[in-house]
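**Student:** I'd like to ask you about the structure that follows.
Protein chains: 2
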Amino acid sequence: MESIYEKCPFMTTQRVLQGKWAIVVLYQLSTGTKRFNELEKLMPEVTRAVLTRQLRQLEDDKLINRKVYAEVPPRVEYSLSPLGDKFKKILDEIEIFGLEYINELKITK
Amino acid sequence: MESIYEKCPFMTTQRVLQGKWAIVVLYQLSTGTKRFNELEKLMPEVTRAVLTRQLRQLEDDKLINRKVYAEVPPRVEYSLSPLGDKFKKILDEIEIFGLEYINELKITK
DNA sequence: CAGGATCCCCCTGGATACTG
DNA sequence: CAGTATCCAGGGGGATCCTG
Numbered sequence: 001m002e003s004i005y006e007k008c009p010f011m012t013t014q015r016v017l018q019g020k021w022a023i024v025v026l027y028q029l030s031t032g033t034k035r036f037n038e039l040e041k042l043m044p045e046v047t048r049a050v051l052t053r054q055l056r057q058l059e060d061d062k063l064i065n066r067k068v069y070a071e072v073p074p075r076v077e078y079s080l081s082p083l084g085d086k087f088k089k090i091l092d093e094i095e096i097f098g099l100e101y102i103n104e105l106k107i108t109k
Numbered sequence: 110m111e112s113i114y115e116k117c118p119f120m121t122t123q124r125v126l127q128g129k130w131a132i133v134v135l136y137q138l139s140t141g142t143k144r145f146n147e148l149e150k151l152m153p154e155v156t157r158a159v160l161t162r163q164l165r166q167l168e169d170d171k172l173i174n175r176k177v178y179a180e181v182p183p184r185v186e187y188s189l190s191p192l193g194d195k196f197k198k199i200l201d202e203i204e205i206f207g208l209e210y211i212n213e214l215k216i217t218k
């Protein structure tokens with residue numbers, strides 16, 4: 001890890017958000033705990049392998065929790081960590097901005 | 110452009126934030142209009158070519174304005190567009206989150 | 001059900017050299 | 001001063017196939 005990441009809150013957040021599906025996954029989990037295949041259904045554009053990698057990445061970055069139940073068939077639940085919970089504020093603003101952005105460009109173009 | 114980008118505010122914002130230096134550039138411009146070489150000095154880790162590309166990308170995405178003055182030596186000023194201005198709210202939350210993130214991981218690790 | 005293991009390919013960041 | 005023009009290498013996304 002480099003020094004700029006440790007000092008600058010913007011670079012730090014940027015690093016966490018690099019994954020193409022990071023924001024959407026965090027959003028999905030912000031509405032509640034989800035199982036793996038629930039996330040799959042909510043995000044049909046993402047393949048399994050990619051979704052798994054994105055989840056691992058967010059887990060490594062301490063934004064989400066992964067809970068495995070020792071059952072058959074297996075059950076795995078993903079949820080926001082305490083740190084991930086603090087990300088919700090960003091998500092709220094992203095949603096507002098995103099909608100405005102979509103609207104604005106619809107008019108302009 | 111694909112349909113999911115046009116509909117989902119999270120995907121839309123994600124696309125805009127893909128560039129490695131997007132957030133930092135937006136932050137720098139959120140504190141006021143800057144010339145190209147000011148940005149260079151504020152972000153020494155980024156090379157010229159890369160910074161230029163990032164600026165063009167944000168310009169294409171309508172988040173920043175590029176104003177060229179017909180002078181010698183040339184002067185180019187970058188600033189937030191009206192749309193970019195709306196991004197400030199996200200930046201505020203990113204800063205808060207980033208600082209909390211840095212703090213938390215310092216303690217945990 | 002929830003993945004793991006590979007492979008491939010493209011895109012993007014970065015380095016370097018040149019310019020109106 | 002504020003870029004362009006190339007080139008290169010690495011990594012991440014995506015597809016496909018396999019598994020406890």
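Line by line, the protein sequences are chains X and Y. Okay, so the first sequence: first residue is 1 according to the working numbering, each after it adds one. Okay, so the second sequence: first residue is 110 according to the working numbering, each after it adds one. Note that the Cβ used here is the ideal one computed from N, Cα and C, for glycine as well.
Measuring only the C-alpha atoms, how far is Y:R165 from Y:V125?
**Tutor:** Between the C-alpha atoms of Y:R165 and Y:V125 there is a straight-line separation of about 12 Å.
**Student:** So does the region 37-50 of chain X actually touch the region 122-137 of chain Y, counting three or more Cβ pairs closer than 8 Å?
**Tutor:** no
**Student:** Please say whether Y:S188 and Y:L172 have beta carbons closer to each other than 8 Å?
**Tutor:** no
**Student:** Let me confirm a value: X:K109 is counted as buried when at least 16 other C-beta atoms fall within 10 Å, else exposed. Which label applies?
**Tutor:** Because the pLDDT of X:K109 is 47, which lies under 50, any placement of that residue in the model is unreliable, and the number read from its coordinates should be weighed accordingly. By the neighbour-count rule (16 or more Cβ atoms within 10 Å), X:K109 is not buried but exposed.
**Student:** Return helix, strand or coil for X:K34, following the three-state DSSP convention.
**Tutor:** If DSSP states are grouped into helix, strand and coil, X:K34 belongs with the strands.
**Student:** Using a Cβ-Cβ cut-off of less than 7 Å, give me the residues of the region 70-95 of chain X that come near chain Y, in sequence order.
**Tutor:** L83, K86, F87, K89, I90, E93, I94 and E95
**Student:** Restricting to runs no shorter than 3 residues, where is the beta strand (DSSP E) found entirely within the region 145-197 of chain Y?
**Tutor:** 173-178 and 184-189
**Student:** Relative to the alpha-carbon of Y:L138, which residue among Y:T122, Y:T121, Y:G193 and Y:D170 has its alpha-carbon at the smallest distance?
**Tutor:** Per the Cα distances, Y:G193.
**Student:** Hey, is Y:I211's beta-carbon within less than 8 Å of any beta-carbon in chain X?
**Tutor:** yes
**Student:** Figure out for me which residue from X:E93, X:V46 and X:E77 has the closest Cα to the Cα of X:T33.
**Tutor:** X:E77
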